[in-house]
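Residue numbers (my numbering), protein chains in the order written: chain S, 1056 to 1242; chain D, 1056 to 1242; chain F, 1056 to 1242; chain B, 1056 to 1242.
What follows is a short report on a single structure.
Number of protein chains: 4
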Amino acid sequence: MSDKRKAILDSALVLFTERGFHGTPTSLIASEAGVATGTLFHYFGTKENLIGELYLEIKREAGKIMREGTTGKDVLSDLKLVASNYVSWGIKNPEKIKFMEQFCLSPYVPDATRGEAISNFLFLAEIFEAGIESGEIKPLPVELAIKMSAEFLNGIIAYITGEGQGRDAEEIFDLAYPVLEDGLRTG
Amino acid sequence: MSDKRKAILDSALVLFTERGFHGTPTSLIASEAGVATGTLFHYFGTKENLIGELYLEIKREAGKIMREGTTGKDVLSDLKLVASNYVSWGIKNPEKIKFMEQFCLSPYVPDATRGEAISNFLFLAEIFEAGIESGEIKPLPVELAIKMSAEFLNGIIAYITGEGQGRDAEEIFDLAYPVLEDGLRTG
Amino acid sequence: MSDKRKAILDSALVLFTERGFHGTPTSLIASEAGVATGTLFHYFGTKENLIGELYLEIKREAGKIMREGTTGKDVLSDLKLVASNYVSWGIKNPEKIKFMEQFCLSPYVPDATRGEAISNFLFLAEIFEAGIESGEIKPLPVELAIKMSAEFLNGIIAYITGEGQGRDAEEIFDLAYPVLEDGLRTG
Amino acid sequence: MSDKRKAILDSALVLFTERGFHGTPTSLIASEAGVATGTLFHYFGTKENLIGELYLEIKREAGKIMREGTTGKDVLSDLKLVASNYVSWGIKNPEKIKFMEQFCLSPYVPDATRGEAISNFLFLAEIFEAGIESGEIKPLPVELAIKMSAEFLNGIIAYITGEGQGRDAEEIFDLAYPVLEDGLRTG
DNA sequence: AATGAATGAGTTTTCATTCAT
DNA sequence: TATGAATGAAAACTCATTCAT
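This is the structure:
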């Protein structure tokens, strides 16, 4: 991928989260990226397309990071690893978390793009299904379990990057994660 | 509160969640509310101020609704009631939930306003503190517990208003809430 | 019709003929008209719509002027009067002639608008039909006769406003018109 | 002349008449011609120069075609031949006619170029002068006679390529031309 | 209090042109 | 010769805000 394309995506990420989609002029994205405005449109065609590509890129990265190290053998330890991967990544990339939260629901990301992004998280459904089948996890609708868990982890990240700043992130995770695990586990 | 003021807030809520802040012209808010553009500025001064007032109004309502029926006597039952109140309200007012999620993090709501809104949720800290002190709830930083729980409930609402549409809301809540309760409860 | 609207149409006429459609920025039209850019869009919505309205206005005026004084009794004298009216008007309004010639064929005027404009010239067909029926005019397809005559008159106007400048317009018309009349008349 | 140069001129002719000068990007002309944008500028230097060269090319062709077969012996038959040549060529090359009509008056063709083009039509003045001198043609200012006649013929072409489509072109010409001839001829 | 015409700064996007390859 | 990525000035159009009524 071209250097300029990458620089544009980087600037866009920061500026969109700081100032919102319509609050960020394309001219500002371009100048922060050190390229001409025309170059932005050369690579992305429209501003909407730019945010769409950025959205996909981040979702792809998040999905990839979360899966790292999972074995498919033990549901609960896979789940903890996925959560830990996600929280670690989220703490290191707070703008990406902020971006996902702001633009998951926002109208600026085309629906088609949103749909395309889901594929990166299908493995989560498999983990939950396995856990429910084996009786380790409470029998919940899988989509519900995913939604609750994901939001729960976002809550942890928000706390660590917000009020909890300065305290040890791992320590907080070790304090917080059992709440989710104990909640999901059967009796 | 004047009828026109109310009509403007109502239109703004719907339009901001559907189209974003900068994506919604004041002229459109005004025309949907059945008033002249000038009237919007007569009541709210600026567009920023309008979204700020809307934000406060909704946070105030959310706080009030959540507290309804709590006794301060039993932590776990108060907590469940608060959760249930919030979820019921959220299902009935999905635009308000969407608005809060979109604009909690967004740069359009002035920070001062965000601060002002927090006062509506101080009672939550009291409940958690009491629970931790009595040993009923795991010893967690209170703000962490609040953040995780709030996000968790948003996950439930998102599921009910999204994929879970058509299924009985109360039934889903009864399935999902124990996950949070079991998680927060000590051993 | 509002003063500002009229001023915008007047500037647009001059500038479009001098510089072409895409060669004329809306900002220039507005400033020449002594209004803000926004005002132009307030009245006309789009630049395309502006040229469309201008086109209709001019065609309407041309049609009205040409008909003035016709009686419907004598074909050849009606025809001469129409021609004379048109040429006189054309000499006094050379930008309108230039505008019609440039934008009759140009892609900037929407086809629908072009169609709408034709209604102003239906009376010409009636005159020619009457003349052909009475035997005074050669039996030609009416549309052909109109096209040839119209272009012929444009040739006269072009000459008078171009090379023939300074010479008496009426004298030139009296020299030129018989060519058309003798040509159309039966043997 | 290089193949690429010719391809560029061909694309430009079609696109300029269809979309106007400023409505046609150089990048589009190049891509339709199957060459890179840079190549267009390699051959023509600027867009203005491109339209100028195209204008000259067409005027040159028109002049050459019109003269074909004239003898200089009989004014009226030469005139008819010129007219017939022009109309035949115009019917076969409607984009060239459209181009000339649109850009004769337009500001995009530099005045110098327009002047240069006139030389191709000087022979017309000679024919008319001869006709007037011999008394065969009404004593008119030569430029006026040329303008009227040229426009008249354009009217015929417009009719044939427009409303008269499907009918025999020659037949229409034979119907229409006598109008011009009878008009120009003395008594 | 309520209106909506008018404003003009600011936005996204286009496109003639250049230049390193 | 020929290319096409990169440029940035300039365009059409939008919209928060004002103000005379």
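Positions of the beta carbon are idealized from the N, C-alpha and C atoms, including for glycine.
Query, Result
"Any C-beta of chain D within less than 9 Å: which residues of the region 1180-1206 of chain S qualify?", "Lys1193, Pro1194, Leu1195, Pro1196, Glu1198, Leu1199, Ala1200, Ile1201, Lys1202, Met1203, Ser1204, Ala1205, Glu1206"
"How would you call Gly1242(B), buried or exposed, if buried means at least 16 neighbouring beta carbons within 10 angstroms?", "exposed"
"Can you find a CB in chain F that lies within less than 7 Å of the CB of Tyr1232(B)?", "no"
"Can you find a C-beta in chain S that's less than 7 Å from the C-beta of Lys1153(D)?", "yes"
"Listing by chain order, which chain D residues have their CB less than 8 Å from the CB of Ile1227(S)?", "Pro1196, Leu1199"
"Between the region 1163-1175 of chain B and chain F, which residues of the former have CB atoms less than 7 Å from a CB of the latter, in chain order?", "Tyr1163"
"Leaving aside the five residues before and after Phe1176(B) along the sequence, list all residues of the same chain whose C-beta is less than 7 Å from its C-beta, in chain order.", "Gly1118"
"If you compare alpha carbons, which of Ala1180(F), Lys1114(F), Ser1161(F) is closest to Gly1145(F)?", "Lys1114(F)"
"According to DSSP, simplified to helix, strand and coil, what is Arg1240(B)?", "strand"
"Cβ closer than 9 Å: which chain F residues qualify as neighbours of Ile1113(B)?", "Correct list: empty, because the minimum Cβ distance to chain F is about 15 Å."
"Going by CA-CA distance only, name the one from Ile1187(F), Ala1138(F), Thr1094(F) that's closest to Trp1059(F).", "It is worth fixing the name first, because residue 1059(F) is Lys in this sequence and not Trp. Comparing Cα-Cα distances from Lys1059(F) to each of Ile1187(F), Ala1138(F), Thr1094(F), the minimum goes to Thr1094(F)."
"Taking 7 Å as the threshold (C-beta atoms), are Gly1219(B) and Ile1227(B) in contact?", "yes"
"Please confirm if the region 1192-1208 of chain S is in contact with the region 1198-1216 of chain D, defined as three or more CB-CB distances below 8 Å between the two stretches.", "yes"
"In this structure, what does DSSP give as the bridge partners for Ile1192(F)?", "Arg1240(F)"
"For the region 1133-1160 of chain F, enumerate the residues whose C-beta is nearer than 7 Å to any C-beta of chain B, in chain order.", "Lys1153, Glu1156, Gln1157, Leu1160"
"Are Glu1087(F) and Val1130(F) closer than 7 Å when you measure CB to CB?", "no"
"Would you kindly report the start and end of the unbroken alpha helix (DSSP H) that includes Ser1132(B)?", "1130-1147"
"For Glu1218(F), return the contacting residues in chain B, with the cut-off set at a CB-CB distance below 9 Å.", "Pro1196, Glu1198, Leu1199, Lys1202"
"What is the residue span of the alpha helix (DSSP H) that Tyr1163(D) lies within?", "Counting along the chain, Tyr1163(D) falls outside any alpha helix (DSSP H), and DSSP gives it neither H nor E."
"Within the continuous alpha helix (DSSP H) that includes Thr1081(F), where are the two ends?", "1081-1088"
"What residues in the region 1074-1091 of chain F bring their beta carbon closer than 9 Å to a beta carbon of chain B?", "Arg1074, Gly1075, Phe1076, His1077, Gly1078"
"Along the alpha helix (DSSP H) that carries Asp1223(S), what are the first and last residues, could you check?", "Asp1223(S) -> no alpha helix (DSSP H), and no H or E assigned at all."
"Run the CB neighbour count on Glu1188(B), radius 10 Å, all protein chains shown included, and call it buried at 16 or more, exposed below.", "exposed"
"Suppose the cutoff is 6 Å on Cβ atoms and the five residues either side in sequence are ignored; what does the same chain contact list for Pro1194(D) look like?", "Ile1187"
"Quick one: measure Cβ to Cβ for Phe1071(B) and Ile1106(B), integer angstroms, because I've assumed they're closer than 8 Å.", "7 Å"
"Contact check, Val1137(B) vs Thr1125(B) under 8 Å by CB: the rounded distance?", "6 Å"
"Going straight from the alpha carbon of Leu1199(B) to that of Ile1201(F), what length do you get?", "20 Å"
"Taking the Cβ atom as the reference point for each residue, do Leu1068(D) and Glu1171(D) lie within a distance shorter than 7 Å?", "no"
"Can you name, in chain order, every residue of its own chain whose Cβ lies under 8 Å from the Cβ of Glu1236(B), other than the five neighbours on each side?", "Leu1131, Leu1134, Lys1135"
"Strictly below 7 Å CB to CB, what residues from chain B border Tyr1214(F)?", "Glu1198, Leu1199, Lys1202"
"Classify Lys1061(S) as buried or exposed, calling it buried when 16 or more other Cβ atoms lie within 10 Å of its own Cβ.", "exposed"
"If you draw a straight line from the alpha carbon of Glu1073(S) to that of Leu1111(D), how long is it in whole angstroms?", "21 Å"
"Against chain F, with Cβ distances strictly below 7 Å, would Asp1237(B) count as a contact?", "yes"
"Going by the CB atoms, is the gap between Asn1140(B) and Asp1123(B) shorter than 7 Å?", "A small correction: the amino acid at residue 1123(B) is Glu; Asp does not occupy that position in the sequence shown. In contact: Glu1123(B) and Asn1140(B) (Cβ atoms closer than 7 Å)."
"So, at 7 Å on beta carbons, what are the nonlocal neighbours of Phe1154(B) in its own chain, with the 5 sequence-adjacent residues on each side left out?", "Leu1068, Phe1071, Thr1072, Ile1113"
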